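Data first, discussion second: the structure below is written as structure tokens.
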Amino acid sequence: VERFEGRISRFMGDGVLIHFGYPQAHEYDTEQAVRAGLAIIAAVRQLKLSPGLTLQTRVGIATGQVVVGELIGKDEAQERAVVGETPNLAARLLNLAQPDEVVIAEATQRLVSGLFEYDDLGYHQLKGFTLPVRAWRVREERAVESRFEATRENHDLIPLAGREEETALLRQRWQQIKQGDGAVVLLVGEPGIGKSRLVQELRDYAASDTEQHLSLRHYCAPYFQASALHPVIDHLERAAHFNRDDSAETKLDKLERLLGDLTHQIPDAVPLLAALLSIPTSPRYAPLNLAPQRQKEKTLGTLQTWMTELASTQPMLLIFEDLHWIDPTTQDLLGRFIECCQTYPILILLTCRPEFHPPWIESPHQTTLTLRRLKTNSSIEIVHRLTGGKRLPPEVMSQIMEKTDGVPLF
Numbered sequence: 197v198e199r200f201e202g203r204i205s206r207f208m209g210d211g212v213l214i215h216f217g218y219p220q221a222h223e224y225d226t227e228q229a230v231r232a233g234l235a236i237i238a239a240v241r242q243l244k245l246s247p248g249l250t251l252q253t254r255v256g257i258a259t260g261q262v263v264v265g266e267l268i269g270k271d272e273a274q275e276r277a278v279v280g281e282t283p284n285l286a287a288r289l290l291n292l293a294q295p296d297e298v299v300i301a302e303a304t305q306r307l308v309s310g311l312f313e314y315d316d317l318g319y320h321q322l323k324g325f326t327l328p329v330r331a332w333r334v335r336e337e338r339a340v341e342s343r344f345e346a347t348r349e350n351h352d353l354i355p356l357a358g359r360e361e362e363t364a365l366l367r368q369r370w371q372q373i374k375q376g377d378g379a380v381v382l383l384v385g386e387p388g389i390g391k392s393r394l395v396q397e398l399r400d401y402a403a404s405d406t407e408q409h410l411s412l413r414h415y416c417a418p419y420f421q422a423s424a425l426h427p428v429i430d431h432l433e434r435a436a437h438f439n440r441d442d443s444a445e446t447k448l449d450k451l452e453r454l455l456g457d458l459t460h461q462i463p464d465a466v467p468l469l470a471a472l473l474s475i476p477t478s479p480r481y482a483p484l485n486l487a488p489q490r491q492k493e494k495t496l497g498t499l500q501t502w503m504t505e506l507a508s509t510q511p512m513l514l515i516f517e518d519l520h521w522i523d524p525t526t527q528d529l530l531g532r533f534i535e536c537c538q539t540y541p542i543l544i545l546l547t548c549r550p551e552f553h554p555p556w557i558e559s560p561h562q563t564t565l566t567l568r569r570l571k572t573n574s575s576i577e578i579v580h581r582l583t584g585g586k587r588l589p590p591e592v593m594s595q596i597m598e599k600t601d602g603v604p605l606f
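Mapped onto the numbering used here, the consecutive letters of the sequence shown carry residue numbers 197 to 606.
Right under this line is the structure:
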């Protein structure tokens, strides 16, 4: 629970009430709750029990507003009172779940949409609810290339508003890359301000070009800050097209195909990256027999060489999002990539929140764009596009402007 930033609200016999988004709310709380549910089931399955004993877990998840009261009880028995329809719905969904299943409400499923695989359980008449409630069974997390796109699955994007200068600069930098000049652009802004949307805008622009290019996207995540090179591992697994049921031998075959001619330049490339991906290499490759620090250095060097080899064949758009959650080893590797920008046609596009301070020294080929809140005219333009051009009453528009305060996500 702590790994996914949840808090235990109450112990209830053989059950636990857990909440996410309190006392501090994040834009990823809903998906964290689902990940925690899957992780809890997996953890219980791995427990070593006495012969003849079995443990099974069921998880129900609902999303909505609640009223959180003061602490009640004493010492270890302290808990916060959570009042509202949402915990009641989660409890009812728990009763729908079969052993070792996670069942979520429709509102939850809408928020996490393309991030997980589901089974639609249909509508159910639940105790305490007048209308039938739709429920979904979560099977597993999906391997997605773009979290931004996955969470907006089945939702059309409206045209970008109020970011004309930023869009023009990004397009200009991409044209420079095509001429052989490298560049780094750092997008800085608070949550919901539109960093990922600008990244997507540039990806779409590059994809519309007739010239071939490479687009490599990496994500830093809050629950993997202690996992070295997790954004790179995630990208490699997607790039190699690993499947969950692939054998170690099949994964090794796919990794060899992914690295291609790099194996001639660096004989240990496959064993090094296979070790990073936790793929056994025996008996195809001899053991590395390297000290941990030496293996780390050779792994980073291999990744750097592989990236520059790719960039030497065609322009590259290299994306790292949410640097405020980056792990130290990935940060080290990113610093090496940034140095390569001076000699290779690579546009490194980075995003972070204001609290992140880049450790690398700025140079002329680096640009920082700080995204400000939208002006009122741009916010009104977004509302008009969302309503299909229909005019809202002035008092409603005024409330929207006040509550969203220039943050596009809101």
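Just so you know, even glycine gets a beta-carbon here, dropped at the ideal spot from N, CA and C. Values in this document were obtained by computation on a predicted structure and should not be read as measured data.
Among the options, nearest to residue i - alpha-carbon criterion
i: L499; options: M208, V428 and L290; result: V428
i: L513; options: T477, C548 and F533; result: F533
i: D405; options: P555, P511 and D528; result: P511
i: A339; options: I300, H437 and Q368; result: H437
i: L289; options: E223, I300 and E535; result: I300
i: N573; options: V603, F552, E198 and L410; result: V603
i: E361; options: L582, G531, L567 and V212; result: L567
i: R549; options: E591, G390 and Q228; result: G390
i: H234; options: V262, Y314 and T564; result: The amino acid occupying residue 234 in the given sequence is Leu; His does not appear at that position. Closest option to L234, Cα to Cα, is Y314.
i: D377; options: E223, Q538 and W556; result: Q538
i: L454; options: M503, E201 and S559; result: M503
i: F325; options: A364, L353, N284 and N291; result: N284
i: Q372; options: D442, P247, L543 and S205; result: L543
i: A417; options: R206, L410, H426 and S411; result: H426
i: R517; options: W556, Q527 and T509; result: Note that residue 517 is Glu in the sequence shown here, rather than Arg. Cα-wise, what sits closest to E517 is Q527.
i: W556; options: R434, E505, L529 and K244; result: L529
i: G211; options: L245, Q242 and N291; result: N291
i: E445; options: A465, S478 and L398; result: S478
i: R206; options: A287, M597, E223 and L353; result: A287
i: A631; options: A402, I578 and M593; result: Nothing can be reported for residue 631: it is not among the residues displayed for the chain, which extend from 197 to 606.
i: Y540; options: G531, Q242, R490 and T509; result: T509
Beta-carbon proximity of residue i to residue j, cut-off 8 angstroms
i: T525; j: A424; result: yes
i: R330; j: E302; result: yes
i: V384; j: L545; result: no
i: V230; j: V298; result: yes
i: L570; j: G358; result: yes
i: V240; j: L251; result: yes
i: T226; j: T253; result: no
i: I237; j: D296; result: yes
i: Q562; j: V380; result: yes
i: L496; j: L469; result: no
i: L484; j: P463; result: no
i: E337; j: F312; result: yes
i: L382; j: P554; result: yes
i: L412; j: I515; result: yes
i: A422; j: D523; result: yes
i: E551; j: H520; result: yes
i: Y481; j: R199; result: no
i: L410; j: L506; result: yes
Which residues DSSP lists as bridging residue i, in chain order
i: H460; result: Partner(s): none; H460 has no beta bridge.
i: Y540; result: In DSSP, Y540 forms no bridge with anything.
i: R333; result: V299 and D315
i: I214; result: I204
i: G256; result: V299
i: A379; result: L543
i: V278; result: V264
i: T564; result: L382
i: H320; result: V329
Cβ-based burial, residue i [other Cβ within 10 Å; buried from 16]
i: D400; result: exposed
i: Y415; result: buried
i: D457; result: exposed
i: F216; result: buried
i: K447; result: buried
i: Q294; result: exposed
i: P355; result: exposed
i: S392; result: buried
i: M208; result: exposed
i: H460; result: exposed
i: D601; result: exposed
i: S474; result: exposed
i: V263; result: exposed
i: T564; result: exposed
i: G202; result: buried
i: G256; result: buried
i: D430; result: buried
i: R369; result: buried
i: S443; result: exposed
i: L398; result: buried
i: L451; result: buried
Which ranges would you report for the beta strand (DSSP E) in the segment 404-446 if only whole runs of at least 3 residues count? 410-415
At 3 residues or longer, what runs of the beta strand (DSSP E) sit wholly inside the segment 462-523? Counting whole runs of 3 or more residues, the segment 462-523 contains the beta strand (DSSP E) stretches 512-517.
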